Each structure stands twice: as C-alpha cells, then as structure tokens.
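Student:
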Amino acid sequence: MAGGAAVEIEGLRVRRGRTEVFGGIDLTIPRGRITGLLGPSGCGKTTLLRAIVGVQRVDGGTVTVLGQPAGARPLRHRVAYGTQGGAVYGDLTVRQNLGYLGAVLGAPKGDVDRVLDEVGLRDQAGQRVDSLSGGQATRVSLGMALVGSPDLIVLDEPTVGLDPVLRVELWDLFRGLSERGATLIVSSHVMDEALRCDRLLLMRSGRIIADTTPTALLQDTGAEDPDAAFLALIRRDSRDAEARRPTTRRARREAGA
Ligand SMILES: Nc1ncnc2c1ncn2[C@@H]1O[C@H](COP(=O)(O)OP(=O)(O)OP(=O)(O)O)[C@@H](O)[C@H]1O
Ligand SMILES: [Mg+2]
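Letter 172 of the sequence shown, counting from 1, is numbered 175 in the numbering used here, and no numbers are missing.
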C-alpha cells in the first residue's frame with residue numbers, strides 16, 4: 004500500500020499551545036488524486052496540512068510523504084504548500100515572487116509564465132503584491148504552489164474570497180494538474196467544493212469522521228447536497244461520541260499522554 008500512497012499517517016499526535024489538536028490520527032492519501040479536506044473552522048485542517056508538508060512540530064506518530072518522512076530534504080522540490088493567507092512578499096511584484104521561488108527551486112525558464120497563465124495573473128505580473136485585490140493575492144499564493152511542477156500540491160483553502168467564476172476555473176486547473184499525475188490535497192470549508200474532489204476527508208474536532216468519496220458521502224447519508232450530508236455525519240458522530248470518549252481517554256492514559 005505504501006508504494007501507492009502519497010501520504011501515510013500513523014498515530015499522529017499534535018499539540019499546539021495548550022490545545023491537543025490530534026490525539027492519534029491514522030490516514031492514507033492516494034497518489035494522483037484530488038483529496039479534499041473539509042471541516043469546520045478550528046477542526047485541525049491547517050495543522051494536518053502543516054504536518055504533511057513537514058512544518059508542524061508533532062508530538063507522536065509518523066507522517067510519510069512520497070515514501071520519505073514529512074519535511075525530508077529530498078521532498079523540498081517535490082512538495083508544494085500554498086498556505087492560508089499566503090507566504091508572499093508584498094513589496095515585490097507578482098513576477099518577482101514567482102521568479103524568486105522558481106530560482107530557488109531551479110524551475111525551468113518558462114515556468115513563471117506558465118504559472119501566471121494558469122492562475123490568470125498575466126496582466127498583474129508587474130504589479131506589487133500589496134496592491135492586488137484580495138482574490139488576486141489569493142491567486143499569487145496558489146501560483147507559488149505551482150512553480151516547479153511539484154508531485155504533491157498541498158493547498159490550504161485556495162479558493163477563499165474568490166468569485167464563483169474563478170473558483171470553477173481553479174477547480175478545473177486542479178483537475179488538469181491531477182490528470183497530469185500530480186497529487187492534490189485541498190482544504191476547504193465550502194462543502195460544494197467537496198463534489199469536485201476524488202476523495203474526501205471530513206474532519207471534526209481533530210478527528211477524521213469520514214474517509215469517503217463524494218458519491219458515497221451522499222449515498223451513505225441519504226442527503227441531497229454535501230452540506231446536509233456533512234451535518235448528518237456530525238449528528239451521527241455526536242451520537243457516537245459518548246461511547247467513544249472514555250475509550251479515547253483510556254487509550255491516551257495508556258499511551259502515557
Ligand atoms: N499556535 C497555536 N497555539 C494554540 N492553539 C493553536 C495554535 N495554532 C492553532 N491552534 C488551535 O489548533 C486548532 C486547530 O487549528 P487549525 O488552524 O488547524 O484549524 P483549521 O481547521 O485550519 O481552521 P480554519 O478553517 O479556521 O482555518 C484550533 O483550535 C486552533 O485554535
Ligand atoms: Mg486553517
């Protein structure tokens with residue numbers, strides 16, 4: 004299984020400040036697919052993505068990415084991370100930001116132009132990032148994750164603040180990237196975007212409450228739309244919670260946490 008997996012997570016435990024975000028997550032993400040990570044604000048999406056790209060301090064368990072420990076040096080060119088809020092220099096132009104990263108990664112010459120076209124920022128290429136509109140700035144962060152044609156693209160809420168037309172275009176772009184063989188992990192709290200993914204991970208309070216597909220999610224819950232399906236899963240999860248909680252506490256005690 005490991006050969007076919009882009010990401011394998013076993014027993015992941017993460018504490019951030021005083022919050023225990025994950026008490027032991029197990030998870031496999033297949034290669035070449037678009038996996039959506041969905042769940043309410045604060046459930047742990049960003050923390051999980053950070054663990055996958057290797058920038059999150061973890062307190063236990065293993066995260067294996069493309070066969071290597073997360074964050075390992077050989078992964079630096081193969082894994083891209085588009086952060087929520089974006090890690091770009093506001094006082095540089097769009098082209099300078101992309102070009103700088105391209106140089107660091109040793110990307111081919113035409114790469115910046117390819118990315119400018121893909122994210123629809125050709126006309127803003129010479130504009131400083133801090134003068135862009137919110138949606139344009141979001142697309143710069145996304146563009147940063149596309150430079151160098153990485154094998155695994157991890158995007159944290161890439162479509163936040165974008166209009167519906169642009170969102171559709173970007174999802175078409177994600178689909179194109181996956182058809183070319185890239186693996187995408189995309190977080191969102193917009194449930195209708197769930198339908199555009201091949202696989203779905205639904206999170207709640209630091210737990211994966213469903214590892215499914217869009218079709219199976221709707222079938223399993225009998226819901227007509229993904230919002231209703233997610234609410235149904237949350238209700239089901241709450242019903243199960245009492246039975247599960249003592250076990251979890253005992254497991255944590257036994258693990259010495
Ligand atoms: N540096 C920190 N110190 C303490 N707690 C933190 C820290 N960073 C995150 N947390 C907590 O960890 C939990 C998970 O946060 P995370 O950012 O992963 O959520 P999220 O699902 O990405 O939320 P959102 O949809 O709002 O982006 C939250 O309860 C958050 O308050
Ligand atoms: Mg987040």
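Even for Gly, the Cβ is constructed at its ideal location relative to N, Cα and C. If you're wondering where the values come from, they're calculated on a predicted model, not measured in any experiment.
Per the DSSP calculation, residue 65 is bridged to which residue(s)?
Tutor: Paired residue(s): 13.
Student: Starting from the N-terminal end, write out each residue whose C-beta falls within a distance shorter than 5 Å of any non-hydrogen atom of ligand 1.
Tutor: Having a Cβ closer than 5 Å to some heavy atom of ligand 1 are 19, 20, 22, 24, 44, 45, 46, 47, 48, 49, 50.
Student: Give the list of continuous alpha helix (DSSP H) stretches no shorter than 4 residues that lie fully inside the segment 177-251.
Tutor: Segments of the alpha helix (DSSP H) lying fully in the segment 177-251: 217-224.
Student: Put residue 91 into one of helix, strand or coil per three-state DSSP.
Tutor: Looking at residue 91 - three-state DSSP - the assignment turns out to be coil, as it is neither helix nor strand.
Student: Would DSSP call residue 261 helix, strand or coil?
Tutor: One cannot answer for residue 261 here, as it falls past the ends of the chain, which runs 4 to 260.
Student: Would the C-beta of residue 116 count as close to ligand 4, meaning under 7 Å from any of its heavy atoms?
Tutor: In the structure shown, ligand 4 is absent; the only ligands present are ligand 1 and ligand 2.
Student: Helix, strand or coil for residue 19? Go by DSSP, reduced to three states.
Tutor: Strand, per DSSP.
Student: What number of angstroms, rounded off, separates the C-alpha of residue 30 from the C-alpha of residue 94?
Tutor: Those two C-alpha atoms are separated by around 39 Å.
Student: If you reduce the DSSP assignment to three classes, tell me which class residue 163 lands in.
Tutor: In the structure shown, residue 163 sits in coil (DSSP, three-state: anything other than H, G, I, E or B).
Student: Quick one: using the 10 Å Cβ neighbour count with 16 as the cut-off for buried, is residue 25 buried or exposed?
Tutor: Result: buried.
Student: Quick one: does the C-beta of residue 196 sit closer than 7 Å to a heavy atom of ligand 2?
Tutor: It does not: the Cβ of residue 196 is nowhere closer than 7 Å to a heavy atom of ligand 2.
Student: What three-state label does DSSP hand residue 342 in the structure shown?
Tutor: Past the boundaries of the shown model lies residue 342; the chain is included only from 4 to 260, so the question cannot be answered.
Student: State yes or no: is the C-beta of residue 172 within less than 8 Å of the C-beta of residue 209?
Tutor: Contact flag unset, no.
Student: When the Cα atoms are used, what is the spatial distance from residue 106 to residue 49?
Tutor: Taking the straight line from one Cα to the other gives about 27 Å.
Student: To the nearest whole angstrom, what separates the beta carbons of residue 39 and residue 159, a pair I think is in contact under 8 Å?
Tutor: That belief does not hold up - the Cβ atoms of residue 39 and residue 159 are roughly 12 Å apart, past 8 Å.
Student: Would you report the Cα separation of residue 16 and residue 232, rounded to the nearest angstrom?
Tutor: Their Cα atoms are separated by approximately 28 Å.
Student: Where DSSP assigns a beta bridge to residue 71, which residues make up the other side?
Tutor: For residue 71, which the question treats as bridged, DSSP gives the partners 68.
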